[in-house]
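2 protein chains.
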Amino acid sequence: MNKKYQVVGIGNAMVDILSHTDEAFLADNAIEKGIMQLIDTSRATELYARMGPAEEVSGGSAANTIAGFAMLGGRTAYVGKVRDDQLGMIFAHDLRALGADYDTPMAPPDAAAETGRCMVLVTPDGERTLNTYLGVSEELRPSDIDENLMASAEWIYLEGYRFDGPDSHEAFAKAIDACKAAGGRVALTLSDPFCVERHHQAFRDMIHDHVDLLFCNVHEMEAMYPAPDLETAMKTAAAEVDIVVCTASEKGAYVLNGGGMEHASAIPTDIVDATGAGDLFASGFLYGLTHGYDMLTCARMGCVAAAEVISHIGARPERDLKELFHEHGLI
Amino acid sequence: MNKKYQVVGIGNAMVDILSHTDEAFLADNAIEKGIMQLIDTSRATELYARMGPAEEVSGGSAANTIAGFAMLGGRTAYVGKVRDDQLGMIFAHDLRALGADYDTPMAPPDAAAETGRCMVLVTPDGERTLNTYLGVSEELRPSDIDENLMASAEWIYLEGYRFDGPDSHEAFAKAIDACKAAGGRVALTLSDPFCVERHHQAFRDMIHDHVDLLFCNVHEMEAMYPAPDLETAMKTAAAEVDIVVCTASEKGAYVLNGGGMEHASAIPTDIVDATGAGDLFASGFLYGLTHGYDMLTCARMGCVAAAEVISHIGARPERDLKELFHEHGLI
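If you read the protein sequences in the order shown, they are chains A and B.
First residue of the first sequence? That's 25 in the working numbering, and the numbers climb one at a time after it.
First residue of the second sequence? That's 25 in the working numbering, and the numbers climb one at a time after it.
Now the structure itself:
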């Protein structure tokens, strides 16, 4: 296959609002640590007023993956909705500046919902707690899905978070149909265990009917395929999906693709901010996959990219990932 | 004196757009390294489209100083103009979250000029090159100056950059008159050697007539008071100003206040991003000054605060400055 794009990602377009905080702030504001919580406008306003000074960095789970993939030199595009406002311009710039194509029509400046944002509260242990105001990102509708774009992708990469919001399943269905009809394949990331709970049946159906590559972490795997151990869960998934990849934080990542389970070790790193670990793992894995590497090397590439992004604040890589792949003898 | 505020800062309200770049990018885009260049909307748009992915952090020279001063627990307020837009809200939040008061009326959302922004290009040597789109920040007019606020300040801290733009000198004059009439004092930072060249006579007049404390670095000192050596220049300044403080990068800072010249050594630091060094020096110095410390300790506090801010990306402190003052035995 030599299509225009190796990977086209679809997800919730977000700008991250990153702030250091302590455990007390989470408790005082009834925020459950370590997970992603969807919040409405009034809660977003209230929380922002209470939180400390922040920095703003483009984010969005699939967008982070595409950013990393673009940085590696992959041919890639992103689909996600922002409003034509300052944060929307920032989001668009940061993707395009890395060489990713991004042409989803922006909602007009007077649209009621603004560009989505995610308040990322980073505790001293490096754990991140996400408070997401979806804003206009949840209004990505089937009409925003360009079938030609989907047909020109070797892989489309679907973000589980995008299962929230009106018409999102229809938008995914349209993307999948156009991609598959043109011989492309479908990757899905489960995003978050609570997201799996919210959309369990929809995930099951999509996985069974369409997914060729499944990304998740151990918590999402548990929520999706309850089983006595990880290997059993992965085998259950592998009965339906060609390639199953499960990340396990400091234990690295596991891959199941036909043969026995393979394992890549995590790269030892001081965790400054865990945001984007899974997203960048997917960047690295997809880079390997679309450039002809074996499964174990793909997983190692994922681990190297993930280690880079957790070593600093923000969910987009700061160091040249390709250089890091060289340093680790992967390319 | 026990006024409501120890320091009230007046300056150009800015959000910084920080990006790593290389020397070639500066050359290719005809950007002179290490200085601040004012750019118009079209140049800002063009440059932003060419530059790499960025992160957004509240900035503005005097605002950085006030942020640092607030973080130290000082009683402080800021005056500067933003538009009622997303970047304006971010700017306001980041100051207030540190405990600084900030109540300058925002320009309405439909104002032609947006919230000001500064594209900060950081080269591998840690040097920063500033490309400033002033936007609505230059529209801070005399009507925006609250005389009661100025009268309630022990010190007002004026940003040299704010000499650009219509009515800015009149706005400063109103602030100075209200402050001085209530027994307050006036500090001025020269901001930038080119800024000194643009406004040489206005600076001279203000210094001669009103300034009690002058902040500058050696380049600004040279531009303001040409002399065979730094000491001669400082003595020339000291003939007009009660306290003269000159920072000298890795050589630390010099203070002249009546007696002989005093010197504080710089704190050895790996320079990641020099943005905000002078601003945070002023935070530390003003903290010492308003809390009864001697001149040398004030200068040392300045050096410690400056060292913190150049050790990471962004012009606002990340570590607790008061803790750092403790570690250095200053408080």
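Ideal Cβ placement from N, Cα and C applies to all residues, glycine included.
A quick note: this is a predicted structure, and the numbers were derived from the prediction, not measured.
Exposure label - B/Gln225; buried when at least 16 CB within 10 Å: Start at 1 with the first residue of the second sequence, and residue 225 of chain B comes out as number 201. Flag for B/Gln225 reads exposed.
For B/Thr321, name the three-state secondary structure that DSSP assigns. Counting from one through the second sequence, the residue named residue 321 of chain B turns up at place 297. Helix at B/Thr321.
Under 8 angstroms, with one C-beta from each stretch per pair, do the region 89 to 100 of chain B and the region 302 to 322 of chain B reach the 3-pair mark? Per the Cβ contact rule, the region 89 to 100 of chain B is in contact with the region 302 to 322 of chain B (3 or more Cβ pairs under 8 angstroms).
Out of A/Gly353, A/Leu354 and A/Leu348, point me to the one whose CA is closest to A/Met95's CA. Working through the first sequence from its first residue, we reach residue 95 of chain A at position 71. Considering only alpha carbons, the answer is A/Leu348.
Cβ neighbours of A/Gly76 in the same chain (closer than 6 angstroms, five flanking residues each side left out): On the first sequence, residue 76 of chain A is found 52 positions in, with the first residue counted as 1. Around A/Gly76: Ser43.
Is DSSP giving A/Ser215 helix, strand or coil here? By one-based count along the first sequence, residue 215 of chain A stands at place 191. Coil at A/Ser215, not helix or strand.
Counting C-beta neighbours from all protein chains within 10 Å, is the total for A/Gly208 16 or more, i.e. buried, or is it exposed? Numbered from 1 along the first sequence, position 184 holds the residue referred to as residue 208 of chain A. That one is buried.
Within 8 angstroms (strictly less), CB to CB, does B/Arg340 reach chain A? As a first step, residue 340 of chain B is located in the second sequence; it is residue number 316 there, counting from the start. By the rule that beta-carbons nearer than 8 angstroms mark a contact, B/Arg340 touches chain A.
Name, please, each residue of chain B whose Cβ falls closer than 9 angstroms to the Cβ of A/Tyr109. Taking the first sequence and counting its residues from 1, one reaches residue 109 of chain A at position 85. Checking the displayed sequence, the identity of residue 109 of chain A turns out to be Asp instead of Tyr. Chain order gives the chain B residues near A/Asp109 as Asp109 and Gln110, where near means a beta carbon separation below 9 angstroms.
Could you please give me the residues that DSSP links to B/Ile180 through a beta bridge? Looking up residue 180 of chain B in the second sequence gives position 156. Under DSSP, B/Ile180 shares a beta bridge with B/Val32 and B/Val210.
State the beta-bridge partners of B/Arg141 as determined by DSSP. As a working note, residue 141 of chain B is residue 117 in the second sequence. DSSP output for B/Arg141 lists B/Val39 and B/Tyr157 as bridge partner(s).
Does the distance from the C-beta atom of A/Val103 to that of A/Gly112 stay below 8 angstroms? Position 79 of the first sequence, counting from 1, holds the residue named residue 103 of chain A. Position 88 of the first sequence, counting from 1, holds the residue named residue 112 of chain A. Contact flag unset, no.
For A/Leu280, list the residues DSSP reports as bridge partners. Counting from one through the first sequence, the residue named residue 280 of chain A turns up at place 256. A/Leu280 is bridged by DSSP to A/Val268.
Tell me, which residues are paired with B/Leu237 by DSSP? On the second sequence, position 213 is the one that residue 237 of chain B refers to. Looking at the DSSP output, B/Leu237 sits in a beta bridge with B/Ala211 and B/Ile267.
Could you say if the region 210 to 220 of chain B and the region 240 to 259 of chain B meet the contact criterion of at least three C-beta pairs nearer than 8 angstroms? As far as the Cβ criterion goes, the region 210 to 220 of chain B touches the region 240 to 259 of chain B, which means the pair count is three or higher.
Nearest-angstrom Cα distance between A/Tyr126 and B/Glu264? Against the first sequence, residue 126 of chain A aligns to sequence position 102. Against the second sequence, residue 264 of chain B aligns to sequence position 240. If you take the alpha carbons of A/Tyr126 and B/Glu264, they lie about 57 angstroms apart.
Buried or exposed, going by whether 16 or more other CB atoms sit within 10 Å of the CB of A/Arg152? As a first step, residue 152 of chain A is located in the first sequence; it is residue number 128 there, counting from the start. A/Arg152 is buried by the Cβ-count criterion.
So what does B/Val81 bridge to, in DSSP terms? The count along the second sequence starts at 1 and reaches residue 81 of chain B at position 57. DSSP, once it has assigned bridges, lists A/Glu79 and B/Asp40 as partnering B/Val81.
Going by Cα to Cα distance, which pick from A/His234, A/Asn281, A/Phe187 and A/Asp229 is closest to A/Ala205? Position 181 of the first sequence, counted from the first residue, corresponds to residue 205 of chain A. Ranking A/His234, A/Asn281, A/Phe187 and A/Asp229 by CA distance to the CA of A/Ala205 puts A/His234 first.
Could one say the Cβ of A/Asp118 lies closer than 8 angstroms to chain B's Cβ atoms, at least one of them? Sequence index remark: in the first sequence, residue 118 of chain A carries index 94 (1-based). Interface residue, yes.
Interfacial residues, the region 70 to 92 of chain A to chain B, with Cβ spacing under 9 angstroms: Correct list: Tyr72, Ala73, Arg74, Met75, Gly76, Pro77, Ala78, Glu79, Glu80, Val81, Ser82 and Ala91.
For A/Ile291, which residues in the same chain have their Cβ closer than 7 angstroms to its Cβ, ignoring the five residues on either side in sequence? Start at 1 with the first residue of the first sequence, and residue 291 of chain A comes out as number 267. Within the same chain, A/Ile291 has close Cβ partners Cys327, Val328 and Ala331.
Within 8 angstroms of any Cβ in chain A, is that where the Cβ of B/Leu122 sits? Locating residue 122 of chain B in the second sequence gives position 98, where the first residue counts as 1. Taking Cβ atoms only, chain A reaches closer than 8 angstroms to B/Leu122, which makes this a yes.
Cutting at 6 angstroms between CB atoms, please list the residues of its own chain near A/Gly338, excluding the five before and the five after it. Taking the first residue of the first sequence as position 1, residue 338 of chain A is located at position 314. Result list for A/Gly338: Val81, in chain order.
Environment of B/Thr299 [buried if 16+ CB atoms lie within 10 Å]: If you number the second sequence from 1, residue 299 of chain B lands on position 275. It is buried - the Cβ of B/Thr299 has at least 16 other Cβ atoms within 10 Å.
Neighbouring residues, chain A, relative to B/Ile114 (Cβ below 7 angstroms): Here the question's residue 114 of chain B lines up with position 90 in the second sequence. Residues of chain A whose Cβ lies closer than 7 angstroms to the Cβ of B/Ile114 are, in chain order, Glu80.
Could you give the DSSP three-state label for B/Glu151: helix, strand or coil? As a first step, residue 151 of chain B must be located in the second sequence, where it is residue number 127. Coil.
Distance between B/Asp191 and B/Ile169 (C-alpha atoms, nearest Å): The residue given as residue 169 of chain B occupies position 145 in the second sequence. The residue given as residue 191 of chain B occupies position 167 in the second sequence. If you take the alpha carbons of B/Ile169 and B/Asp191, they lie about 12 angstroms apart.
Report all residues from its chain with a CB closer than 8 angstroms to the CB of B/Ser335; omit the five preceding and five following residues, and keep chain order. Here residue 335 of chain B corresponds to residue number 311 of the second sequence, with the count starting at 1. Here the set comprises Thr293, Asp294, Ile295 and Val296.
Beta-carbon within less than 6 angstroms of A/Lys28's beta-carbon, same chain only, minus the 5 sequence neighbours each way: which residues are those? Start at 1 with the first residue of the first sequence, and residue 28 of chain A comes out as number 4. Answer for A/Lys28: Ser176, listed in chain order.
Taking 8 angstroms as the cut-off, decide whether the C-beta atoms of A/Gly33 and A/Ala87 are in contact. Position 9 of the first sequence, counted from the start, is the residue given in the question as residue 33 of chain A. Position 63 of the first sequence, counted from the start, is the residue given in the question as residue 87 of chain A. The Cβ atoms of A/Gly33 and A/Ala87 sit closer than 8 angstroms to each other.
Which of the three DSSP states, helix, strand or coil, is assigned to B/Tyr249? Start at 1 with the first residue of the second sequence, and residue 249 of chain B comes out as number 225. Here B/Tyr249 sits in coil by DSSP.
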